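>
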Amino acid sequence: MPGATIGVLGSGQLGRMFAIAARRMGYRVHTFSPDQDTPTGQVADLEVTASYDDLDAVREFASHVDVVTFEFENVPAATAEAVEHCAPVRPSGEVLHITQHRLREKTWLAKHGFPVTPFRAISDRDDLEGFPTPAILKTAGFGYDGKGQYRMQSAGHFDPAWRSMNRQEAVAEQLVDFECELSVVAARASDGAVVCYAPSRNAHHQGILDVSMAPFPNREAVQITHAVLDQLGVIGVLCVEFFLTKEGKLLVNELAPRPHNSGHLTIDSCVTSQFEQQLRAVCGLPLGSTEMVRPAAMANLLGDLWNDAEPLWTQALRRPEVKLHLYGKLEPRLGRKMGHLTATGPTPEAADQQVREARHALRI
Numbered sequence: 605m606p607g608a609t610i611g612v613l614g615s616g617q618l619g620r621m622f623a624i625a626a627r628r629m630g631y632r633v634h635t636f637s638p639d640q641d642t643p644t645g646q647v648a649d650l651e652v653t654a655s656y657d658d659l660d661a662v663r664e665f666a667s668h669v670d671v672v673t674f675e676f677e678n679v680p681a682a683t684a685e686a687v688e689h690c691a692p693v694r695p696s697g698e699v700l701h702i703t704q705h706r707l708r709e710k711t712w713l714a715k716h717g718f719p720v721t722p723f724r725a726i727s728d729r730d731d732l733e734g735f736p737t738p739a740i741l742k743t744a745g746f747g748y749d750g751k752g753q754y755r756m757q758s759a760g761h762f763d764p765a766w767r768s769m770n771r772q773e774a775v776a777e778q779l780v781d782f783e784c785e786l787s788v789v790a791a792r793a794s795d796g797a798v799v800c801y802a803p804s805r806n807a808h809h810q811g812i813l814d815v816s817m818a819p820f821p822n823r824e825a826v827q828i829t830h831a832v833l834d835q836l837g838v839i840g841v842l843c844v845e846f847f848l849t850k851e852g853k854l855l856v857n858e859l860a861p862r863p864h865n866s867g868h869l870t871i872d873s874c875v876t877s878q879f880e881q882q883l884r885a886v887c888g889l890p891l892g893s894t895e896m897v898r899p900a901a902m903a904n905l906l907g908d909l910w911n912d913a914e915p916l917w918t919q920a921l922r923r924p925e926v927k928l929h930l931y932g933k934l935e936p937r938l939g940r941k942m943g944h945l946t947a948t949g950p951t952p953e954a955a956d957q958q959v960r961e962a963r964h965a966l967r968i
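This is the structure in structure tokens:
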């Protein structure tokens, strides 16, 4: 119940927005990561700085909280297992184990009948022989925002692609000629209740999410997402990312067992944000309404915008329907997510135009 202490493994912007939602509802928040003065630590009640491999420190952290969740999936499985001896972990360590490894995730999805792109496990260079190109070779674990990927236009790219993986386990995926990418954020409670947000249409730039707009209605995407959460037994929030092919077929691209970048617009456009929903789910509270009060769009703000000078925030905020969210990161770097803008409007397309114009104004 409110007043309890929530432990968060990880300390980035997702943890920060979760902590803000939790503190608003009367909870205390402790965060654990190898870093200090972090986006989450700046708003948490306690910031613990230690390695995820320091299992004694992990157990000490978990012994002082009532429940633990995580804000990114690259937490070592041994860390989650150590926590589970002291406090409930939601989603479970098993969900984390599956979704933090691309090959395990693809294999699980295919085994349970979910539509995925054709793929192959790659453990050495010879495993690439005969795989149809164009294709993408991805590291099996610890990849995000386009990192750990190599596009193979032909078999002539097999050698450099394998070298780029540092000869570590990988997965080859056939390149999909898709119409667009979309995602569905959903939450599942301990009693099995599931709520789904309206799908978002997502545009990427250099492997990083650039702009999301919602709603982008697709009933099948919502149904698949609901089924994924049930099959995995998730308690918490999970996002399913899809490709929508030009023939109208949906293919699951990736799973994210926590709030998702495309769901940031729920803070300003929905009755219950994805972060409050995460809190409700992991604490055993009734789930909130996912109703979208107004169409919305979200644009990421990367470190590229700074360009040795502070962006012109007043220029963007002259638009009254635009909201600014900054993550408290101290050093802007190329490709680093520093914040986002959200705009609402009468239609998703109007919100999309508004948020793009507001971001462009930051440079003027």
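Just so we're aligned: the sequence shown equals residues 605 to 968 in our numbering. For each residue, glycine too, the CB sits at the ideal point set by N, CA and C. A quick note: this is a predicted structure, and the numbers were derived from the prediction, not measured.
With DSSP run on the structure shown, which of helix, strand or coil describes residue 838?
DSSP places residue 838 in coil when its eight states are reduced to three.
> Rounded to whole angstroms, what's the CA-CA distance from residue 687 to residue 662? Just pull it up for me.
Each residue's alpha carbon lies about 7 Å from the other.
> Pick out the complete alpha helix (DSSP H) segments inside the segment 614-681, 4 residues or longer, and give them in chain order.
Entirely contained in the segment 614-681, the alpha helix (DSSP H) runs reaching 4 residues are, in chain order, 617-628 and 659-666.
> Could you pull the start and end residues of the beta strand (DSSP E) that residue 703 belongs to?
Counting along the chain, residue 703 falls outside any beta strand (DSSP E), though it belongs to the alpha helix (DSSP H) covering 697-703.
> Can you give me the C-alpha to C-alpha distance between residue 808 and residue 718, rounded to a whole angstrom?
In a straight line, the C-alpha of residue 808 is about 24 Å away from that of residue 718.
> Let me know if residue 716 comes out buried or exposed under the rule of 16 or more other beta-carbons within 10 Å of its beta-carbon.
Flag for residue 716 reads exposed.
> Using a Cβ-Cβ cutoff of less than 8 Å, which residues in the same chain neighbour residue 606 once the five nearest sequence positions on both sides are dropped?
Only 629, 630 and 631 meet the Cβ criterion.
> Run the CB neighbour count on residue 772, radius 10 Å, all protein chains shown included, and call it buried at 16 or more, exposed below.
Residue 772 is exposed by the Cβ-count criterion.
> Given residue 735, which residues of its chain have a CB within under 7 Å of its CB, disregarding the five upstream and five downstream residues?
Correct list, in chain order: 724 and 776.
> Between which two residues does the beta strand (DSSP E) harbouring residue 742 extend?
Unbroken beta strand (DSSP E) run through residue 742: 739-743.
> What is the DSSP secondary structure of residue 945, reduced to helix, strand or coil?
Looking at residue 945 - three-state DSSP - the assignment turns out to be strand.
> When DSSP labels each residue in this structure, what does residue 828 get in the three-state scheme?
Looking at residue 828 - three-state DSSP - the assignment turns out to be helix.
> Mind checking whether residue 929 and residue 904 have CB atoms under 8 Å apart?
No, the pair does not count as a contact, with Cβ atoms beyond the cut-off.
> Measure the C-alpha to C-alpha separation of residue 732 and residue 767 and round it to an integer number of angstroms.
C-alpha separation (whole angstroms): 12 Å.
> How would you write the range of the beta strand (DSSP E) that residue 816 sits in, first residue to last?
Residue 816 -> beta strand (DSSP E) spans 812-818.
> In its own chain, which residues sit with a C-beta less than 6 Å from the C-beta of residue 703, not counting the 5 before and 5 after it?
If we look at residue 703 and ignore the five residues flanking it on each side, its Cβ neighbours are 677, 709, 859 and 861.
> Mark residue 850 as exposed unless 16 or more other C-beta atoms lie within 10 angstroms of its C-beta, in which case mark it buried.
Per the 10 Å Cβ criterion, exposed.
> Please list, in chain order, all residues of the same chain as residue 962 whose beta carbon is under 7 Å from its beta carbon, the five residues on each side excluded.
Correct list, in chain order: 920, 923, 926, 945 and 947.
> I'd like to know whether the C-beta atoms of residue 644 and residue 620 end up nearer to each other than 8 Å.
Yes, the pair counts as a contact, with Cβ atoms nearer than the cut-off.
> If you run the structure through DSSP and keep just helix, strand and coil, what is residue 882?
Helix at residue 882.
> Residue 776 lies in the beta strand (DSSP E); which residues open and close that run?
Per DSSP, residue 776 belongs to the beta strand (DSSP E) from 774-778.
> Between which two residues does the alpha helix (DSSP H) harbouring residue 959 extend?
Residue 959 -> alpha helix (DSSP H) spans 952-965.
> Below 8 Å between beta carbons: does that hold for residue 840 and residue 882?
Contact flag set, yes.
> Name the residue from 792, 810, 802 and 848 whose alpha carbon lies nearest to the alpha carbon of residue 842.
It is 792 whose Cα lies nearest to the Cα of residue 842.
> Tell me where the alpha helix (DSSP H) around residue 715 begins and ends.
Segment 706-715, the alpha helix (DSSP H) holding residue 715.
> Following the continuous alpha helix (DSSP H) through residue 873, name the residue where it begins and the one where it ends.
Where residue 873 is concerned, the enclosing alpha helix (DSSP H) stretches over 870-873.
> Need the endpoints of the beta strand (DSSP E) that residue 782 sits in, please.
Per DSSP, residue 782 belongs to the beta strand (DSSP E) from 782-792.
> Which residue comes first and which comes last in the beta strand (DSSP E) that contains residue 753?
Unbroken beta strand (DSSP E) run through residue 753: 753-756.
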